[in-house]
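Peer 1: Sequential numbering of the sequence shown, starting at 20, is according to this note's numbering. Below you will find the structure I want to go over with you.
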Amino acid sequence: ITRGSFSGTGKVTSVGIKGDAVATSASLNTITGALSDFSGKGTEISPAFEAFTISGTQEVKDFIVIPTGEEKSLTIRMEIDGYALEAQTPAIDFAEGVISHISVAVNSHNIGISGVSVTPWTDIDKGSLEIM
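Shown next, in the form of structure tokens:
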């Protein structure tokens, strides 16, 4: 999230996403890894975070969502300076095992999607841990 042509203070108090490409719960087949029985499609998902003020420096907010395997758009909603602004993404394939990066620019009367990219999910070795 970065400041575009927005002329207000730019205090962001909430950010949420919703759409049929993501769900709030599903059943997992632990043998095959397949997800099914999705629920909560179209429900807004909003992570907890401290309010922040937009600037020219990118502010990153992470969402962990359950992908439904559908290639569909999302609605991004932000509350900025007490006003709710929304934008629609292009159709995104929210497949398992990838990270979708959505770049948002906050403008005077709207928020605009300035880019979408997808990268593979990678594991980072953090060493070993012994639990007793």
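Just so you know, even glycine gets a beta-carbon here, dropped at the ideal spot from N, CA and C.
With DSSP collapsed to three states, give me the class of Ile20.
Peer 2: The residue given as residue 20 occupies position 1 in the sequence shown. Note: Ile20 maps to coil in three-state DSSP.
Peer 1: Going by CA-CA distance only, name the one from Trp140, Gly134, His128 and Ala124 that's closest to Thr76.
Peer 2: As a first step, residue 76 must be located in the sequence shown, where it is residue number 57. Measuring from the Cα of Thr76, the nearest candidate turns out to be Ala124.
Peer 1: When the Cα of Ala110 is compared with those of Gly23, Lys37, Gly27 and Thr28, which residue comes out closest?
Peer 2: On the sequence shown, position 91 is the one that residue 110 refers to. For Ala110, the nearest C-alpha among the options comes from Lys37.
Peer 1: By DSSP, does Val125 sit in helix, in strand, or in coil?
Peer 2: Indexing the sequence shown from 1 puts residue 125 at position 106. Strand, per DSSP.
Peer 1: Measuring straight from C-alpha to C-alpha, what distance separates Gly101 and Thr32?
Peer 2: In the sequence shown, the residue the question calls residue 101 occupies position 82. In the sequence shown, the residue the question calls residue 32 occupies position 13. In a straight line, the C-alpha of Gly101 is about 8 Å away from that of Thr32.
Peer 1: Rounded to the nearest angstrom, what separates Ala40 and His120 at their Cα positions?
Peer 2: As a first step, residue 40 is located in the sequence shown; it is residue number 21 there, counting from the start. As a first step, residue 120 is located in the sequence shown; it is residue number 101 there, counting from the start. For Ala40 and His120, the distance between alpha carbons rounds to 15 Å.
Peer 1: Relative to the C-alpha of Thr138, which residue among Ile95, Thr94 and Phe113 is closest?
Peer 2: Against the sequence shown, residue 138 aligns to sequence position 119. Measuring from the Cα of Thr138, the nearest candidate turns out to be Phe113.
Peer 1: In whole angstroms, what separates the C-alpha of Arg96 from that of Trp140?
Peer 2: For the purposes of this step, residue 96 is taken as residue 77 along the sequence shown, with counting starting at 1. For the purposes of this step, residue 140 is taken as residue 121 along the sequence shown, with counting starting at 1. Between Arg96 and Trp140, the C-alpha separation is close to 25 Å.
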